[in-house]
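Only one structure is covered here, and it is reproduced in the block below.
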Amino acid sequence: MSPVRIKEHWREQRIFNRRAWFAGVLMLLAGLAVLGRLYYLQVVRQHYYEVLSIDNGVRTVPIPAARGLILDRNGEVIASNRPTFDLELTPDEVPDLHDELEHLVRLGLLQRTDLPQLIRAIDSRQRFDTVPIRLDLSAQEVARFAVRRYEFPGIDVSPRQARWYPFGKLAVAAVGYVGTISASELAHLNPAEYAGTAVIGQTGVEAAYEKDLHGTNGYRQILVDALGRPVRRPGALGKELHFKAPVPGDDVILSLDLKLQRLAEQLLKGQDGAVVALDPWTGDIIAMASSPGFDPNLFARGISEKQYEALVANPRLPLFNRALRAQLPSGSTIKPGLALGALTEGMVNPDKRIFAGSAWHLPGSGHLFHNAAHEVCGWVGLRMAIIMSCDVYFYRLAFKMGVDRIGAWLPNFGFGSPTGIDIPGELPGLAPTPSWMAKHYPHDRGWYPGDTVILGIGQGKFLTTPLQLAHYTGVLATRGLSFEPRLVTGLRNPRTHQIHWKRPILDGNLTMISPASWKVVIGAMVGVTTNRRGTAYWEMINSPYPIAGKTGTAQLTREQANEVGNEKTGPEKLRDDAWFIAFAPAQAPRIAVAVLVEHAGYGATGAAPIARKLMNAYLLGPNGKLLPAAPRGPYSEPRGIRPRVDAGVDPTLTPLQRAAEP
Amino acid sequence: MIHEEISTDSRARRTLSGAARVLLALKVDGPLAVGLALTAAYGLVVLYSASAESTPMLVRTVLRLLLGIIIMLAVVRISPNLLRRASPWLYGLGIVLLLAVAAVGHVHLGAKRWLDLGPIHFQPSELMKLAVPMMCAWYLHERPLPPRWSDLGMLALIILAPVGLVAKEPDLGTAALITAAGAMVVFLAGLRARTLIALLLLALAAGAAGLRFMHGYQRERLLTFLNPEAHPLGAGYHIIQSQIAVGSGGLFGKGWMAGSQAQLDFLPERTTDFIFAVIGEEFGLLGLALLLLLYTFVIGRSIYLAMQCPDTFSRLLGGSVALTFFVYVFINAGMVTGLVPVVGVPLPLVSYGGSSVVTVLTGFGILMALYSHRKLMG
């Protein structure tokens, strides 16, 4: 047992005092530890935490810039903006994405078929970014959503500037359209630049000039609380918030003349085909049409899966831009070009007449190559062979030139490669150039003389697009100047209305062709429309101005645009395609036209009338007389456009202000 | 003599000496009362901002403070002898009430802590914060110090019985504070250094074992404390946001009512357990240093008062009041700044709500009673 202990008062006081002091020291140390920690947090790491705290409460709301307008050469607006209401979703604030989207489907605001794509698009955005899930709600739809808004946390109706094409399908082949930004497109974009933007240029000018049209988004910083709700009266916290006004996109001025464009599309109505008309001295495209075409507003307001499938399934291929992408044999329209080549290479004496029967016999073989309708040309020289489009003459000529010379000559007119037009999607056609031959027919193995012979009438291994033919016609019109075809002539600052004009791009000059050769060939092309034996005589009769033209009737084995050279798998015969190329007035050309009408039979009857009406509309005044030539040289800007154009919507307003306007 | 004093002193000094006499009559310790008042006033200023200018909250807090002061003034008049004799009864009452909570307690927010007494909800665990140290001091008062092993065993039983009941509610924060309050008495009673170390190691081992029996959220809190970034939106949110608040305040703070973390709701529990972070954000390091200075003064003065007490019971109990107050402050400040795990401990005299203010002021009332009656004791 331990000894009995008694309480000792002083000892206990001493123990207590010692303990108290000890505790005091410990507490001071602990206090210093807290102070040290505070020093670390509030002094050493202060900046770090300050950034985090700003990050917490300040949300940056993008203000989309107003997209630039697209105008024709006279200032007429082809693409504008109009206020619409979109359904927007902020992923961060939606508790159950699938559930809410399903609910919207039941309300009839979304289509079930669109859901998978929508969810992909939402997943590719940042959690706190608002994503447009349905564009362009009708007034009834806005109302239907509004009464049930409380059932959809994180989804709201927001006013937005939507792209609007007031004339619908007019000029869609050139202007293109904007469409919803897809997940794969978003991967290549700077998300900051497209925050708050629903659409992006998909084709045509809208795509090529996306950068200029888009503008620079602005932003506004707002204070949000921990639940992401905006703070209405930020008080002392609000003084540091930033605002940056959006810079609207530039207006794009096109070389198109909507009057002519409208006419071109009207003339093609009901047929599959394309028209390209350009100013040969600048490459400026005056009209570019592809029929049947489609309404770009479908895409701008967010096309549904069903509508899109209907467009794709249409056998007339409305989405197919024939002007840029239809790769077809040129038919006889190639003859003036071949003639120039043969003249320049000294392969033909233009004055020497030969007898051309109804068919030509390929030397050393049993092959007969017939004239189109087995008619007999008789004694013809080069001039008359072009005028009456004598195939037999050109079979001979092509055979004499050989594929090497023909293949080397065709690129001079821009065949076999893209013309370099300033919108995307153009296809290069096909020409048997030396490099192409080396690749596909090494040492001419597998290439038969007959393949060369039919090149003489623009058949076989020769494919061209309407755009390429128009460009070629322009080169003929200017006697050898090759301008890159273009749609955009200038960019206009929407605030200052200052216009930055683009210079035309001259990318070739065929100086090796002698004036005498030009005289022969262009004279023959005028003969096509003025000589009684000319293939387009009756279609061009009594023109108040001289027209140089050439018909083309392309027999074709229908080949898919990209499966060039796969002749044997596509033997399905269809009616011939009709071509017509022309420039006028022949001696001082102002317009060059190429017209394609698919399956329309003869070029003269199927395509030439369209070309004539277009040229009349462009060149003739209301009194039926030729308009005086515009006072401009080859490098001037398009006439008509004035520094100030009423754009319909004041482009200096912010999108929200515009939305508020009636 | 009295007449001379009045005639020679300035008016200000007369007022002061008058106040001193009032305090003496009330048996209140002047410096400690001033320290507590300043701390509470500071707390009210901060609360006004943290509660987004809520007048009702301010009024309720002032009412609680008044209730605390009244109880304090009442307690001050009780003689230490009575306090000592009442200790076992108080303790026993506390145990019975805790058992009642376990049996018929009011469940709120998943925890059974309250006794529903008509208009008020009473937390018996608050009573135990005072009853346990009183009981310990009572037990040691009779015995020679330092305590023997058998005494320690008995004390462990006295402390852990109510702690176990509170921890089961579950209310880990209060359980820890009750443990601390009892342990402080034992510590001040004079354990040998090696005994102290051995006990600390034992507590550590018990803690590790206790981890296995913790509730999910309790364990999560502890693990989150070790790695808050692992759950930025889950359990780590409190710690991250409070550190952002404190850190972004810098040296001078963002200004009163201008702390974005607090004002925009990013800081959770900003009027209660995390009000320390509001001070850090709006008044900066200087504001927190001022608060810590006030606390240091209160604690220092309390220890001084305890050291003046003539008997073991008074000294141990008084010292325990001071040290427990420190534990409150340290755990709360440490939690907010990420030094200790998130435990629901309010910042004394500043945090809004609960019966904590009343308990704290009652504790100081006991301390003042022990001090002011010292001359009457033998």
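Chains as they are written, first to last, in the numbering used here: chain X, 1420 to 2081; chain V, 49 to 426.
All C-beta atoms, glycine included, are put in the ideal place defined by N, C-alpha and C.
For the structure I just gave you, are there three or more beta carbon pairs, one from the segment 353 to 372 of chain V and one from the segment 334 to 344 of chain V, closer than 8 angstroms?
Under the 8 angstroms Cβ criterion, the segment 353 to 372 of chain V does not count as touching the segment 334 to 344 of chain V, having fewer than three qualifying pairs.
Would DSSP call X:H2095 helix, strand or coil?
The structure shown does not extend to residue 2095 of chain X, since chain X spans only 1420 to 2081, so no value can be given for it.
Taking DSSP as the reference, what is the three-state secondary structure of X:I1600?
Numbered from its first residue, the first sequence carries residue 1600 of chain X at position 181. Coil.
With DSSP run on the structure shown, which of helix, strand or coil describes X:E1519?
Stepping through the first sequence from its first residue, residue 1519 of chain X is reached at position 100. Helix, per DSSP.
Separation of X:L1697 from X:L1556, as counted between CA atoms:
Along the first sequence, one-based indexing puts residue 1556 of chain X at 137. Along the first sequence, one-based indexing puts residue 1697 of chain X at 278. For X:L1556 and X:L1697, the distance between alpha carbons rounds to 40 angstroms.
Residues near X:R1744 by beta carbon distance below 8 angstroms, same chain, minus five either side:
Along the first sequence, read from residue 1 onward, the residue named residue 1744 of chain X stands at position 325. For X:R1744, where only same-chain residues beyond five positions count, the Cβ hits under 8 angstroms are G1844, E1845, L1846, T1884, A1980.
Rounded separation between X:W1855 and X:P1830 - CA only:
Along the first sequence, read from residue 1 onward, the residue named residue 1855 of chain X stands at position 436. Along the first sequence, read from residue 1 onward, the residue named residue 1830 of chain X stands at position 411. Computed Cα separation, rounded: 12 angstroms.
Using a Cβ-Cβ distance under 8 angstroms, would V:G401 count as near chain X?
In the second sequence, counting from the first residue as 1, residue 401 of chain V sits at position 353. Chain X, which has no Cβ nearer than 8 angstroms to the Cβ of V:G401, makes this no.
Give the secondary structure of V:G411 by DSSP, where H, G and I count as helix, E and B as strand, and everything else as coil.
Taking the second sequence and counting its residues from 1, the one referred to as residue 411 of chain V is at position 363. Judged by DSSP in its simplified three-state form, V:G411 adopts helix.
Interface flag, V:L336 vs chain X, CB-CB below 8 angstroms:
Along the second sequence, one-based indexing puts residue 336 of chain V at 288. Chain X contact via Cβ: present.
Whole beta strand (DSSP E) elements within the segment 1559 to 1641 of chain X, 3-residue minimum
Counting whole runs of 3 or more residues, the segment 1559 to 1641 of chain X contains the beta strand (DSSP E) stretches 1574 to 1583, 1597 to 1599, 1618 to 1620.
X:N1985: buried (16+ other C-beta within 10 angstroms of its C-beta) or exposed?
Your numbering for residue 1985 of chain X matches position 566 in the first sequence. Model confidence at X:N1985 stands at a pLDDT of 36, short of 50, so the residue's coordinates are unreliable; what they give is reported in the following sentence. The residue is exposed, with fewer than 16 neighbouring Cβ atoms inside 10 Å.
To be precise: take each residue of the segment 1694 to 1721 of chain X, compare its Cβ to all Cβ atoms of chain V, and keep it if any distance is under 9 angstroms. Which residues remain?
Of all residues in the segment 1694 to 1721 of chain X, none has a Cβ within less than 9 angstroms of some Cβ in chain V.
Classification of X:T1930 by the beta-carbon crowding that lies within 10 angstroms, buried from 16 upward
As a first step, residue 1930 of chain X must be located in the first sequence, where it is residue number 511. Exposed is the call here.
X:P1510 and X:N1636 - do their beta-carbons sit closer together than 8 angstroms?
In the first sequence, counting from the first residue as 1, residue 1636 of chain X sits at position 217. In the first sequence, counting from the first residue as 1, residue 1510 of chain X sits at position 91. The Cβ-Cβ distance between X:N1636 and X:P1510 does not fall below 8 angstroms.
May I ask you to list, following chain order, the residues of the segment 353 to 382 of chain V that have a beta carbon less than 8 angstroms from some beta carbon of chain X?
Result list: A354, M355, T360, R363, L364, G367, L371, F374, F378, A381, G382.
Would you report the Cα separation of X:L1605 and V:G297, rounded to the nearest angstrom?
Working through the first sequence from its first residue, we reach residue 1605 of chain X at position 186. Working through the second sequence from its first residue, we reach residue 297 of chain V at position 249. Cα to Cα, the separation comes out at about 39 angstroms.
Does the Cβ-Cβ distance between X:F1586 and X:I1489 come in under 8 angstroms?
Taking the first sequence and counting its residues from 1, one reaches residue 1586 of chain X at position 167. Taking the first sequence and counting its residues from 1, one reaches residue 1489 of chain X at position 70. Going by C-beta atoms, X:F1586 is not nearer than 8 angstroms to X:I1489.
Residues that V:T319 contacts on chain X, provided the C-beta gap is smaller than 7 angstroms:
Locating residue 319 of chain V in the second sequence gives position 271, counting from the first residue. The contacting residues do not exist; V:T319 stays about 15 angstroms from chain X at best.
Quick one: is X:R1464 near chain V, going by C-beta distance under 8 angstroms?
Counted from its first residue, the first sequence places residue 1464 of chain X at position 45. X:R1464 counts as touching chain V.
Which residues bound the beta strand (DSSP E) around X:F1403?
One cannot answer for residue 1403 of chain X here, as it falls past the ends of chain X, which runs 1420 to 2081.
X:A1706 versus X:R1815: straight-line alpha-carbon distance, rounded:
Taking the first sequence and counting its residues from 1, the one referred to as residue 1706 of chain X is at position 287. Taking the first sequence and counting its residues from 1, the one referred to as residue 1815 of chain X is at position 396. Our two residues, X:A1706 and X:R1815, have alpha carbons roughly 37 angstroms apart in a direct line.
CB contact check: V:P194 to chain X, cutoff 8 angstroms:
One-based indexing of the second sequence puts residue 194 of chain V at position 146. Among the CB atoms of chain X, one or more fall inside 8 angstroms of the CB of V:P194.
Is the segment 126 to 137 of chain V close to the segment 171 to 187 of chain V, with three or more CB pairs under 8 angstroms?
In short, these stretches touch, since the Cβ pair count reaches three.
Given V:Q171, which residues of its chain have a CB within under 7 angstroms of its CB, disregarding the five upstream and five downstream residues?
Here residue 171 of chain V is taken as the residue at index 123 of the second sequence, counted from 1. R161, W162, S403, listed in sequence order.
For X:V1561, which option in X:L1529, X:P1535, X:K1858, X:R1582 has the closest C-alpha, if you only look at C-alpha atoms?
Residue 1561 of chain X sits at position 142 when you count from the first residue of the first sequence. When only C-alpha atoms are compared, the closest one is X:L1529.
How would you list, in chain order, the residues of chain V whose beta-carbon sits under 9 angstroms from the beta-carbon of X:L1646?
Position 227 of the first sequence holds residue 1646 of chain X. In chain order: D313.
If you draw a straight line from the alpha carbon of X:D1996 to that of X:G1750, how long is it in whole angstroms?
Residue mapping note: residue 1996 of chain X aligns to position 577 of the first sequence, counting from 1. Residue mapping note: residue 1750 of chain X aligns to position 331 of the first sequence, counting from 1. Approximately 9 angstroms between the Cα atoms of the pair.
Only counting the same chain, and skipping five residues up and downstream in sequence, which positions put a Cβ closer than 8 angstroms to that of X:Q1621?
Here the question's residue 1621 of chain X lines up with position 202 in the first sequence. Within the same chain, X:Q1621 has close Cβ partners G1595, Y1596, V1597, G1598, F1718.
Taking X:M1944 as the reference, give the member of X:L1895, X:H1890, X:A2007 with the closest Cα.
Here residue 1944 of chain X refers to the residue found at position 525 of the first sequence. Of the listed residues, the one whose Cα sits closest to X:M1944 is X:L1895.
Any Cβ of chain V within less than 8 angstroms of the Cβ of X:E2080?
By one-based count along the first sequence, residue 2080 of chain X stands at place 661. Confidence at X:E2080 is low in this model, with a pLDDT of 39, below 50, so the placement of that residue is unreliable and no value is reported for it.
Interface residues of the segment 1568 to 1600 of chain X facing chain V [CB-CB below 9 angstroms]
For the segment 1568 to 1600 of chain X, which is checked against every Cβ of chain V, not one residue is closer than 9 angstroms.
Specify the secondary structure class of X:E1427 as computed by DSSP and reduced to three states.
In the first sequence, residue 1427 of chain X corresponds to position 8, counting from 1. If DSSP states are grouped into helix, strand and coil, X:E1427 belongs with coil.
Residue environment, X:P2074, which counts as buried when at least 16 other CB atoms sit within 10 Å
For the purposes of this step, residue 2074 of chain X is taken as residue 655 along the first sequence, with counting starting at 1. Because the pLDDT at X:P2074 is just 40, under 50, the model does not fix this residue reliably, and the value given afterwards should be weighed accordingly. With 16 or more Cβ atoms within 10 Å of its Cβ, X:P2074 is classed as buried.
Please confirm whether V:G411 has its beta-carbon closer than 8 angstroms to some beta-carbon of chain X.
Here residue 411 of chain V corresponds to residue number 363 of the second sequence, with the count starting at 1. So, not an interface residue.
Starting from X:S1543, find everything on chain V with Cβ-Cβ shorter than 8 angstroms and list it in chain order.
Mapped onto the first sequence, residue 1543 of chain X falls at position 124. In chain order: nothing, as chain V lies at least about 22 angstroms away.
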